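Visitor: Sequential numbering of the sequence shown, starting at 1, is according to the UniProt record's numbering.
Beta carbons: idealized from backbone N, C-alpha and C, even for Gly.
Only a predicted model underlies this, so the values are computations on that prediction, with no experimental measurement involved.
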Amino acid sequence: MSSFSNKKSYIFDICCRICDTTFIEIFRKECENMTKNLKIKAARAAKDMTQKDLAEAVGVTRQTMNAIEAGDYNPTLNLCIAICKALDKTLDELFWEE
């Protein structure tokens with residue numbers, strides 16, 4: 001485990017001790033969203049696609065794609081499948097939460 005991971009875990013433990021449950025759940029959810037959304041963004045960048053390019057390929061607006069990557073919009077299963085096809089990825093690769 002890296003030094004950064006140890007520090008991150010230590011900071012999270014401290015937050016758990018001093019913060020209320022609501023904050024902890026929000027923090028945990030944001031971390032999950034960040035990981036999931038980075039997968040989509042990284043796959044898009046690897047294909048040298050902009051949000052607009054990907055949005056057009058799957059039939060949504062750039063704003064919708066931005067909201068998906070920001071974790072503000074939960075795409076339908078059909079949209080997830082379309083995104084995976086456009087990025088040559090599987091559902092597990094882009095949407096499976098570790």
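(1) Buried or exposed: where does Ala43 fall if 16 or more other Cβ atoms within 10 Å of its Cβ makes it buried?
(2) Here's the rule: buried if 16 or more other CB atoms are within 10 angstroms of the residue's CB, otherwise exposed. What is Gln63?
(3) Going by the CB atoms, is the gap between Lys39 and Leu94 shorter than 8 Å?
(4) Under a Cβ-count criterion, where at least 16 other Cβ atoms within 10 Å of its own Cβ denotes burial, should Ala55 be classed as buried or exposed?
(5) Helix, strand or coil for Thr64, going by three-state DSSP, please let me know.
(6) Helix or strand or just coil, what does DSSP make of Asn37?
(7) Apply the 10 Å Cβ neighbour rule to Leu87 and answer buried if 16 or more other Cβ atoms are within range, or exposed otherwise.
(8) Within 10 angstroms of its Cβ, does Glu97 collect 16 or more other Cβ (buried), or is it exposed?
Guide: On the basis of the coordinates in this document:
(1) Locating residue 43 in the sequence shown gives position 43, where the first residue counts as 1. Ala43 is buried by the Cβ-count criterion.
(2) Along the sequence shown, read from residue 1 onward, the residue named residue 63 stands at position 63. Per the 10 Å Cβ criterion, exposed.
(3) Taking the sequence shown and counting its residues from 1, one reaches residue 94 at position 94. Taking the sequence shown and counting its residues from 1, one reaches residue 39 at position 39. It is a contact, given that the beta carbons lie within the stated cut-off.
(4) Here residue 55 refers to the residue found at position 55 of the sequence shown. Classification of Ala55: buried, given that the 10 Å Cβ count is 16 or more.
(5) Translated into positions along the sequence shown, residue 64 becomes position 64. Reduced to three states, the DSSP call for Thr64 is helix.
(6) Residue mapping note: residue 37 aligns to position 37 of the sequence shown, counting from 1. It is helical.
(7) The count along the sequence shown starts at 1 and reaches residue 87 at position 87. With 16 or more other Cβ atoms within 10 Å, it is buried.
(8) Locating residue 97 in the sequence shown gives position 97, where the first residue counts as 1. Counting every other CB atom within 10 Å of its CB across the protein chains shown gives Glu97 a total below 16, marking it as exposed.
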